[in-house]
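Written below as structure tokens is the structure these notes are about.
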Amino acid sequence: MRLHEIAHARAGDKDTTSDITVIAYRAEDFELLRREVTAERVREHFADIVRGEVQRFELPRLHALKFVLHNTLGGVTRSLDLDIHGKSLSSSLLELDVPETSQQMAAMMQQFADAGGIRPTGPTMTVDDPFFRYDRPAEFGVHSETIRVPMRDGSYLLCDLLRPAGANEPVEGAFPGLIYDFNAYSARMVFAGGAAPYVERGYVALVPSVRGAGDSPGHVEPFGVQEQEDGYDLVEWLAAQPFCTGRVGMQGISYGGHSTILTAVNRPPHLVAIIPVQALSDWYENTIYHGGIYNARIRDWQQATAPDTLESYARHPLHDDFWRERSVKHRYDRLTLPMLDIGGWLDQYRQAMVENFQACEANTWMVAGPWEHGMVPGQPEDIGFAGYLAWWDHWLADRPSPLPGSKVTSYEMPGHGWRQFDTWPPADSVITQWFPAADGNLGREAGQAGIAEFEQDGGKLAFSTVATDDVVITGGLEAALRVGVTGADGNIAVVLDDVDEGGTAVRVSQGWLKLSHRDGHDRIAAAEPGALYDITIPIWPTHHRIVVGHTLRLTVSSEDHPQIDTERLPGRIRVELGVATTIRARTLPDNTV
């Protein structure tokens, strides 16, 4: 898609300075405009004639951006032999590419804005816990300005600074600080809408753009050392300001959740507590390489957000130091501050949510809802604003606000309501096993033994059992398989479905493994054709009730697009059935729970 499909432009020049104003046709496309048409892109687009700075000014009431190009060669109009209205100049800029994935991202941002960010509306979640009903009235207006926050290397990040205000000016005094959604989505105005309710209740908020996004200089390199150092510097800069008490919290969703938890393990001295939402434990395992197999759906995100990673990630197919820099799993000893870890049982980071909780249980409270990846506002059982405010009031403002009533608040899928537990998996959960048999049965006891095979190019095995009582899966699952491959390597995908009496299937969970990664993702363990290997495939955790009469179905194949690439490796996968292959899960023994 070209820029001219969503905007029009006008341009002109005077002496050695030119200006271009780009106006979105529709108000809802303004966020896409802000995201895609950065000062850096404009400077690169006119690199042959621009030798100085390109400034970008936002005109949100007009749904427009204005760019001022300095030190052009003899004036843009004359050097390009343009007409006096600058039509050719504006037409040239309107040929910029706008990726479809960016349009989808902008739609998500707009959805977030339409939902009011995380506005102080009543939560829709149906759990009886004062933490999720907490509220207090707004006291202030909001003063906002765009500033440059200096980084330790002499560069800066562009940020929106929101301060409590009265009569349109910041009020005197010092307030607790929040770093709000440090991400690469060039949508500070939208996220500032989410930060505003805190500011109205006595917080000062900094809404930053990472390097290479939102007119912050540089290029986007997600979650690397530089970005982690920048997160540290943001916390310490805000804490040092006279309008801040020096007590700072950090929160964000998805990208912002990742940057939040990675900042925390770097331990900025003034970071007091965090709220990572849909956040990683390990960027390699959670996102890029599922079981050592490339995640097919992530490339569009890479192209839209950080195109350099299309090359750099492909150069690191094993879990090496490159990925350890982008992980918290080997640094859990540094993640000791209070953490409200929020995720969804339909989200791609639910494995990370559980891993982070289990590693840091002493200082973590986990909230797992029936949510897909993306903005929680507008999804069923919305957590609302209450819990976030209660958390910050407790840790940053020393107000008498509650913490969650239990360490774990979890929604039982697919529609069975909220439960609260003291730990995860629940302390009274037990291990339940299912054994796939040669006759296609998935039984509680080892069934018919034998060897089953499927072609990696489109083949699969399926096993099933009908539930005679309710089965509540709570937490960890794994597939212990004895497998071999007739080719050089093999991809194995394990999928569990809940199938109702009418044949409608709901996915319970899944796991994947490249056979050569069976001893870990940091090394290659070559597979000898014809040999059988005992492997364990982690299956993403869940909280799911399979009711009486429903069928639990297990599918084993080499394909699970778009969770993994469809590689169509040569050869067949051989699986030994009977006692050698097992699905294990934590379940609750009391079906009334």
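For the sequence shown, numbering that gives the first Met the number 0 begins at 0 and goes up steadily by one. Built from N, CA and C at the ideal position, the CB exists for glycine as well. As the structure is a prediction and not an experimental result, all values here were calculated from the model.
Same chain, Cβ closer than 7 Å to residue i, five either side skipped, listed in chain order
{"i": "Gly475", "result": "Pro424, Pro540 and Arg585"}
{"i": "Arg330", "result": "Val264"}
{"i": "Glu454", "result": "Arg571"}
Span of the beta strand (DSSP E), counted from its first residue to its last, around residue i
{"i": "Ser143", "result": "Gly140 to Pro149"}
{"i": "Arg55", "result": "Val53 to Leu58"}
{"i": "Arg210", "result": "Counting along the chain, Arg210 falls outside any beta strand (DSSP E), and DSSP gives it neither H nor E."}
{"i": "Phe453", "result": "Gly449 to Glu454"}
Per DSSP, cross-strand counterpart(s) of residue i
{"i": "His289", "result": "Ile292"}
{"i": "Tyr179", "result": "Gln250"}
{"i": "Glu371", "result": "Leu345"}
{"i": "Gln509", "result": "Val494"}
{"i": "Lys459", "result": "Ser556"}
{"i": "Tyr532", "result": "Val482"}
{"i": "Leu64", "result": "Val21 and Glu57"}
{"i": "His257", "result": "According to DSSP, which records beta bridges pairwise, His257 is partnered with nothing at all."}
{"i": "Lys13", "result": "Thr16"}
{"i": "Trp433", "result": "Ile582"}
{"i": "Pro537", "result": "Glu477"}
{"i": "Gly165", "result": "Glu168"}
{"i": "Cys158", "result": "Ile146 and Pro207"}
{"i": "Val359", "result": "Correcting the residue type first, residue 359 is Cys in the shown sequence and not Val. Cys359 pairs with nothing; no bridge assigned."}
{"i": "Phe174", "result": "Cys243"}
{"i": "Gly605", "result": "One cannot answer for residue 605 here, as it falls past the ends of the chain, which runs 0 to 592."}
{"i": "His69", "result": "Thr16"}
{"i": "Ala526", "result": "For Ala526, which the question treats as bridged, DSSP gives no partner whatsoever."}
{"i": "Ala8", "result": "Val21"}
{"i": "Leu587", "result": "Val471"}
{"i": "Val465", "result": "Thr550"}
{"i": "Ala504", "result": "Val498"}
Coarse secondary structure for residue i, derived from DSSP in three states
{"i": "Ile83", "result": "Per-residue confidence for Ile83 stands at a pLDDT of 42, beneath the threshold of 50, marking its modelled position as unreliable; no derived number is given."}
{"i": "Ser185", "result": "coil"}
{"i": "Met352", "result": "helix"}
{"i": "Gly519", "result": "coil"}
{"i": "Gly193", "result": "helix"}
{"i": "Gln277", "result": "coil"}
{"i": "Val264", "result": "helix"}
{"i": "Asp340", "result": "strand"}
{"i": "Tyr283", "result": "helix"}
{"i": "Val471", "result": "strand"}
{"i": "Leu2", "result": "helix"}
{"i": "Glu199", "result": "helix"}
{"i": "Arg573", "result": "strand"}
{"i": "His269", "result": "coil"}
{"i": "Asp96", "result": "strand"}
{"i": "Ala26", "result": "helix"}
{"i": "Leu334", "result": "coil"}
{"i": "Leu88", "result": "helix"}
{"i": "Leu568", "result": "coil"}
{"i": "Leu317", "result": "coil"}
Continuous alpha helix (DSSP H) stretch holding residue i: start and end
{"i": "Asp232", "result": "Val224 to Ala239"}
{"i": "Val546", "result": "Premise fails: Val546 is in no alpha helix (DSSP H) and is neither H nor E."}
{"i": "Leu309", "result": "Thr308 to Ser311"}
{"i": "Ile297", "result": "Ile297 to Thr304"}
{"i": "Leu31", "result": "Phe29 to Glu35"}
{"i": "Glu39", "result": "Ala38 to His44"}
{"i": "Asp320", "result": "Asp320 to Arg323"}
Sequence-distant residues of its chain with Cβ nearer than 6 Å to residue i (five each side left out)
{"i": "Asp497", "result": "Val505, Val507, Ile545 and His549"}
{"i": "His315", "result": "Phe321"}
{"i": "Arg246", "result": "Pro175, Val271 and Leu395"}
{"i": "Ser409", "result": "Ala367, Arg418 and His542"}
{"i": "Ser326", "result": "Asp281"}
Other residues of its chain near residue i: CB distance less than 8 Å, five sequence neighbours each side excluded
{"i": "Gly85", "result": "Reliability of the predicted coordinates at Gly85 is poor, the pLDDT of 46 falling under 50, and no value is obtained from them."}
{"i": "Cys158", "result": "Thr145, Ile146, Arg147, Val148, Arg187, Leu205, Val206, Pro207, Ser208 and Leu233"}
{"i": "Val470", "result": "Thr431, Arg544, Ile545, Leu551, Thr586 and Asn590"}
{"i": "Glu138", "result": "Pro163, Glu199, Arg200 and Gly201"}
{"i": "Gln54", "result": "Ala38, Phe66, Val67 and His69"}
Completely contained beta strand (DSSP E) runs for the stretch 366-430, where each covers 3 or more residues: 407-410 and 417-420
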